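Residue numbers (my numbering), protein chains in the order written: chain V, 1 to 268; chain P, 269 to 522; chain F, 523 to 764.
A quick write-up on the structure given underneath.
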Amino acid sequence: MGVTIIPEIIRESLNNLVKNGERSDDRSFDDYRDIYLETGVISKAEGSARVKIGKTQIMVGAKPQIGEPFSDTPNVGVLMTNSELIPMASPDFEPGPPDERSVELARVTDRCMREAGVVDLEKLCIIEGKKVWMIFLDLHIIDYDGNLMDAAVLGSMAALMDAKIPEAKVEDDEVVIDPEKKVSLPIKEKALMCTFAKIGCELIVDPSLEEEQVMDARISIGMRADGSICAMQKGGMQPLNKDEILKAVERTGEITKKLMEHLPQNNQ
Amino acid sequence: MIFIEDKQMVIPGDVLADKEYQSGRGTFKEDDKICSSLVGLVAIRDKKISVIPLQSKYIPKRGDVVIGEITDIRFSMWNLDINSPYSGILPASDVFGKEKRDLNKAFNVGDVLFLRVVDVDEVKKVKLGLKGRGLGKFRDGILIYITPTKVPRLIGKKGSMINMIKDETKCEVVVGQNGVVWVKGDPSMERVAEKVINMIEEQAHTSGLTDRVRNMLFELLGKEIPEKEEKPEATEEATDEEEEEEENGENLIQ
Amino acid sequence: MITIITNKILGKNSTSSKRADGRASDELRPFKIEAGVLERADGSAYLELGGNKVIVAVYGPRELHIRRLMQPDRAVLRCRYNMAPFSVDDRKRPGPDRRSVEISKITSEALMPAVFLEKFPRSTIDVFIEVLEAEGGTRCAGITAASVALADAGVPMRDLVVACAAGKSEGEVVLDLSEVEDKDGEADVPVAIMPRTGEVTLLQSDGNLTPEEFGKALNLAIEGCMKLSEAQKEAIIKRYGD
Chain V
1 MGVTIIPEII
11 RESLNNLVKN
21 GERSDDRSFD
31 DYRDIYLETG
41 VISKAEGSAR
51 VKIGKTQIMV
61 GAKPQIGEPF
71 SDTPNVGVLM
81 TNSELIPMAS
91 PDFEPGPPDE
101 RSVELARVTD
111 RCMREAGVVD
121 LEKLCIIEGK
131 KVWMIFLDLH
141 IIDYDGNLMD
151 AAVLGSMAAL
161 MDAKIPEAKV
171 EDDEVVIDPE
181 KKVSLPIKEK
191 ALMCTFAKIG
201 CELIVDPSLE
211 EEQVMDARIS
221 IGMRADGSIC
231 AMQKGGMQPL
241 NKDEILKAVE
251 RTGEITKKLM
261 EHLPQNNQ
Chain P
269 MIFIEDKQMV
279 IPGDVLADKE
289 YQSGRGTFKE
299 DDKICSSLVG
309 LVAIRDKKIS
319 VIPLQSKYIP
329 KRGDVVIGEI
339 TDIRFSMWNL
349 DINSPYSGIL
359 PASDVFGKEK
369 RDLNKAFNVG
379 DVLFLRVVDV
389 DEVKKVKLGL
399 KGRGLGKFRD
409 GILIYITPTK
419 VPRLIGKKGS
429 MINMIKDETK
439 CEVVVGQNGV
449 VWVKGDPSME
459 RVAEKVINMI
469 EEQAHTSGLT
479 DRVRNMLFEL
489 LGKEIPEKEE
499 KPEATEEATD
509 EEEEEEENGE
519 NLIQ
Chain F
523 MITIITNKIL
533 GKNSTSSKRA
543 DGRASDELRP
553 FKIEAGVLER
563 ADGSAYLELG
573 GNKVIVAVYG
583 PRELHIRRLM
593 QPDRAVLRCR
603 YNMAPFSVDD
613 RKRPGPDRRS
623 VEISKITSEA
633 LMPAVFLEKF
643 PRSTIDVFIE
653 VLEAEGGTRC
663 AGITAASVAL
673 ADAGVPMRDL
683 VVACAAGKSE
693 GEVVLDLSEV
703 EDKDGEADVP
713 VAIMPRTGEV
723 TLLQSDGNLT
733 PEEFGKALNL
743 AIEGCMKLSE
753 AQKEAIIKRY
763 GD
C-alpha cells in the first residue's frame with residue numbers, strides 16, 4: 001500500500017497516540033526497538049558489523065588502504081565514510097548514484113565518528129606527508145524501517161572496534177606490510193547517535209518508518225561516552241524550537257548510556 | 269496417478285499428478301503432468317488439483333470489495349493504490365454524477381476508501397466504484413495489511429473468525445479482499461485487534477487456529493479463558509471451515 | 523570452517539589428486555540457504571557457498587513507472603547484481619561496473635524462462651542481488667538465491683532455476699571453483715538449469731577446454747546444480763515450518 005503517501009488515517013492515529021503518551025508498538029518515548037549487533041561477520045572486511053534496530057538492518061564494513069594524507073594534515077590518517085541506500089532495502093529506493101539522503105547519512109556518521117575522535121588518526125600515520133592508513137567505512141543499508149542514523153553510527157562504532165589492520169613498518173623509506181601481524185585500530189573514544197522525531201508537541205526516540213513518515217522534524221545528536229556532544233543534525237521540513245532541542249540533549253545523556261551497553265565490552 | 273497429498277506443502281516445479289487429474293489454480297500442465305507454479309498447500313477436490321499460495325499479490329477481479337488509498341487527483345478521476353501491482357481509478361461521475369465539481373471537495377490524496385472493483389480489462393486497468401452498501405470514505409481507525417490469500421482465513425466460516433474479533437474488541441472491522449483491513453474502536457482495543465490479525469496472518473496455514481485466536485484475545489483482554497466444552501465435531505467443523513476458506517481463497521490466486 | 527589457502531600451498535599439492543582445500547573433484551563447498559530473511563522486500567533469500575555470502579531481495583510484481591520499459595502483455599524481470607565495497611580483498615568502489623552490468627543481464631536471462639511473466643502485464647518484477655562477501659562463484663550463488671527469493675515472494679514459476687560452476691584447475695576438471703582455483707585455474711564454466719526438465723538457462727565459458735573437458739564440466743556443473751536444488755526446496759519448506 002502507499003508507502004510514499006501515508007494514509008490520513010495512519011497519520012491521525014499516530015498523532016492521537018502521541019497525544020496520549022503512547023506509540024503504536026507500546027514503546028515509551030525514550031525506548032529503542034530491539035537492537036541486535038554482531039561483529040566480525042564479513043571475513044574479507046578487516047572490520048565489520050551487522051546491526052538491527054527493529055526491522056532496520058545495516059551491514060557495515062571497514063577496510064584499510066594505504067594512501068596519501070590530506071595536504072593540510074600530513075601526519076594524520078584518513079577516515080572516509082560511504083553509504084548506499086540499496087534498492088533492496090525499501091520499495092521506495094531506486095538504483096543509482098547515492099541520493100541526498102544517502103549522502104547525508106554518510107556525512108553525519110562520518111562527522112560523528114571523526115569529531116568524537118573515535119579512531120586515533122595520528123597513530124595511523126606511516127610516513128609523514130606521504131603514506132597514511134585510510135580507513136573506508138561502508139554502510140550497506142539492506143532493510144529500511146526507520147532511523148538509519150542511529151543504526152549507522154552504532155554499526156560503524158562496532159565495525160571500527162572490530163577492525164584489525166596489518167602492521168605497517170617503514171624500511172628504507174618503503175612501507176612494508178606484514179599481513180600475518182594484525183593490530184586493532186587505535187580506538188580512543190566511543191560515540192553513538194540518538195535520534196528524536198517530533199510528532200505533535202512531543203519528541204520521541206528511535207522513530208519507526210511510519211513515525212518518520214508523519215513526523216514534522218527530526219534531531220539527531222551524537223554523543224561521546226563522557227556525555228559531550230560531537231555531532232548534531234536537524235532534519236525534516238518543520239522547525240524545532242530551542243527548548244525542544246535542549247530537552248532532547250538532556251534526554252540523550254541517559255539514552256546513550258543504555259545504548260553503549262550494546263557495544264562489544266571487551267577491548268581496551 | 270497422484271504424487272502428493274492434500275494439504276501438502278509444495279514449491280514451484282513440483283510434479284503433483286499426471287493427466288488423470290485436472291489443473292486448477294496455482295498449477296500448470298506440462299506434457300502429461302500437472303506441476304505446481306507456487307509455494308503453497310495442495311488442495312484436491314474430486315479430480316482437480318490446485319495450490320493455495322502462502323504468499324501472493326492481490327490481482328483485482330470484477331466484483332471484489334477493496335480498501336484503497338487516493339494517491340493522485342486527475343482530470344475527472346482519482347487514482348488509488350489498492351495494494352496491488354495495479355492501481356485503480358475512480359471516476360468523478362461515481363460521486364458527482366453529471367455535475368462538474370472540484371474533485372478535492374469529495375476526496376483528497378491520503379484518504380482511504382472502501383470500494384468495489386467495477387471492471388478490469390485485459391491489460392489489468394482497474395475501474396473502481398462507490399455504489400453499494402457500506403462503500404465510501406473511512407474516518408479514524410487504523411489500517412492493517414495482510415497477505416491477500418489469508419483474507420478468507422481471517423473472515424472464517426460464515427464470518428466466524430472476524431465476528432469473534434469484532435465482538436471481543438468491540439471494534440468496527442472491515443476487510444478488503446485486497447488484504448487491507450480497517451479497524452476502528454477504542455485505541456487500546458484497536459491494538460488488540462491488530463495483534464490478533466497479525467497472528468492470524470502468520471499462522472493462517474496451520475490448524476487449530478480458531479482456538480489459539482480465542483485464547484490470545486482473552487489473554488490480551490485480561491479475560492478468563494472459559495472451560496473448553498467437549499466438542500468432538502469441532503475437528504470436523506475446522507476441516508469444513510478450512511475447505512470453504514480454500515474455495516474462497518481460489519478467487520484470489522492468479 | 524573455511525581454510526584460506528595461499529598460492530604457495532596450491533603449488534605444493536599439484537601431484538596429489540585432491541584439491542587445495544581437500545575437496546574431491548565433484549564436491550561442492552559447504553553451503554546453506556535461508557528464505558525470508560528481510561522485512562520490507564516481498565521475498566528474500568540468503569545463501570552461503572564456501573566464503574560467498576549473497577543476499578537477494580525481490581519486489582514484485584509491482585507497478586513499473588518507466589513507461590518505455592513496460593510490456594503490454596507481460597511483466598518485465600529486472601535484475602541488479604551488485605557487490606558491496608567490503609566484499610572483496612581490495613575494496614571495490616561502490617556502483618555498477620561493467621562486470622556487474624553483464625552479470626545482471628545474464629542473471630535476468632537465466633531466471634526469465636522459469637517465470638510466468640504473462641500473468642502480470644504492464645508490471646515489473648525486480649530482483650536485487652547483493653554480494654556481501656565474494657569467494658569465487660558469486661554469479662551462480664546469486665541466481666540460486668534469487669530463485670528462492672522469487673518463490674518466497676509468491677512469483678509463479680515453472681521451476682526453481684539453480685546455478686553452479688565447474689571448471690579446470692591444475693589440469694583437472696572440477697566442480698565449484700573456489701576463489702583461488704578460479705584465479706589460477708584454466709577455465710570456468712558457470713551453468714544454470716531448470717532442474718525438472720534439465721533445460722539450460724545460463725551458460726558461460728571462460729578459458730581453454732577441449733570438447734571432452736567441456737562436456738565433463740557441463741555434467742559436473744549440472745550435478746552440482748541438482749544438489750543445490752534440494753537445499754533450495756528445504757530452505758523454502760523450513761521458512762513455513764510447522
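We treat Cβ as the ideally placed atom computed from N, Cα and C, and that holds for glycine.
Computed from a predicted model, the values in this text were never measured in an experiment.
Give me the chain F residues within the contact set of VAL391/P, using Cβ-Cβ distance strictly less than 8 Å, ordered along the chain. PRO594, ASP595, PRO643, ARG644
ASN347/P bridges to which residues according to DSSP? ASP340/P, ILE357/P
By a C-beta neighbour count over all protein chains shown, 10 Å radius and 16 as the cutoff for buried, is VAL391/P buried or exposed? exposed
At least one CB of chain P closer than 9 Å to the CB of GLY2/V: is that the case? Low confidence applies here, because GLY2/V scores a pLDDT of 33, under 50, leaving its location unreliable and the question unanswered by this model.
Run of the beta strand (DSSP E) containing PHE553/F, from where it starts to where it stops: 553–557
Taking any Cβ of chain V, which residues in the region 355–378 of chain P have a Cβ under 9 Å from it, in chain order? ASN376, VAL377, GLY378
Does any CB atom of chain P fall closer than 9 Å to the CB of TYR568/F? no
In its own chain, which residues sit with a C-beta less than 8 Å from the C-beta of GLU501/P, not counting the 5 before and 5 after it? Confidence in GLU501/P is poor, its pLDDT being 40 and thus under 50, which makes the residue's placement unreliable; the coordinate value appears in the next sentence. No residues qualify anywhere along the chain.
Terminal residues of the continuous alpha helix (DSSP H) containing GLY253/V? 242–260
What is the rounded straight-line gap between the Cα of MET88/V and the Cα of VAL60/V? 16 Å
Give a yes or no on whether the minimum CB-CB distance between MET269/P and chain F is below 9 Å. no
Inspect the CB distances between the region 690–705 of chain F and the region 644–653 of chain F and report whether three or more fall short of 8 Å. no
Sequence-distant residues of the same chain with beta carbon closer than 7 Å to LEU742/F, five excluded per side: ASP548, ALA688, VAL695, LEU697
From the DSSP output, read off the bridge partner residues of PHE382/P. ILE335/P, GLY404/P
For ASN347/P, which option in ARG330/P, SER324/P, PHE375/P has the closest C-alpha, if you only look at C-alpha atoms? PHE375/P
Whole beta strand (DSSP E) elements within the region 164–209 of chain V, 3-residue minimum: 164–171, 174–184, 191–199, 202–205
From the beta carbon of SER669/F, is the nearest beta carbon of chain V less than 9 Å away? no
Coarse secondary structure for ILE465/P, derived from DSSP in three states: helix
Going along chain P in order, which residues have a C-beta closer than 8 Å to the C-beta of GLU12/V? ASP408
Does the region 609–616 of chain F come within contact of the region 666–674 of chain F, defined as at least 3 CB pairs closer than 8 Å? no
Would you check if the region 549–558 of chain F and the region 754–761 of chain F touch, i.e. whether three or more CB-CB distances between them fall below 8 Å? yes
Checking the sheet assignment: what are the DSSP bridge partners for LEU396/P? VAL385/P
Give the straight-line distance between the Cα atoms of ARG541/F and GLU211/V, rounded to the nearest whole angstrom. 54 Å
Segment limits, beta strand (DSSP E) that includes CYS230/V: 229–235
Any chain F beta carbon closer than 9 Å to TYR32/V: no
Using the three-state DSSP reduction, which class does PRO712/F fall into: helix, strand or coil? strand
Positions along the region 317–339 of chain P whose CB lies within less than 7 Å of some CB in chain F: PRO321, LEU322, GLN323, SER324, LYS325
Start and end of the alpha helix (DSSP H) containing ARG107/V? 100–116
Just to confirm before moving on: does the CB-CB distance between LYS190/V and LEU121/V stay below 9 Å? no
Between VAL386/P and chain F, is there a C-beta pair that is closer than 9 Å? no
Pull up the CB-CB distance for ASP279/P and ALA597/F, whole angstroms please, since I reckon it's below 8 Å. According to the sequence shown, residue 279/P is Ile rather than Asp. Wrong, their Cβ atoms sit about 20 Å apart, outside the cutoff.
Taking the beta carbon of GLN238/V as the centre, do at least 16 other beta carbons fall within 10 Å, making it buried, or is it exposed? exposed
Rounded C-beta distance between ALA152/V and LEU105/V? I'm assuming under 8 Å. 6 Å
Against chain V: residues of the region 608–626 of chain F by CB proximity under 7 Å: PHE608, SER609, VAL610, ASP611, ARG613, PRO616, GLY617
Reduced DSSP secondary structure (H/G/I, E/B, other) of CYS439/P: coil
CA nearest to the CA of ARG680/F, picked from LEU306/P, ASP370/P, SER475/P: LEU306/P
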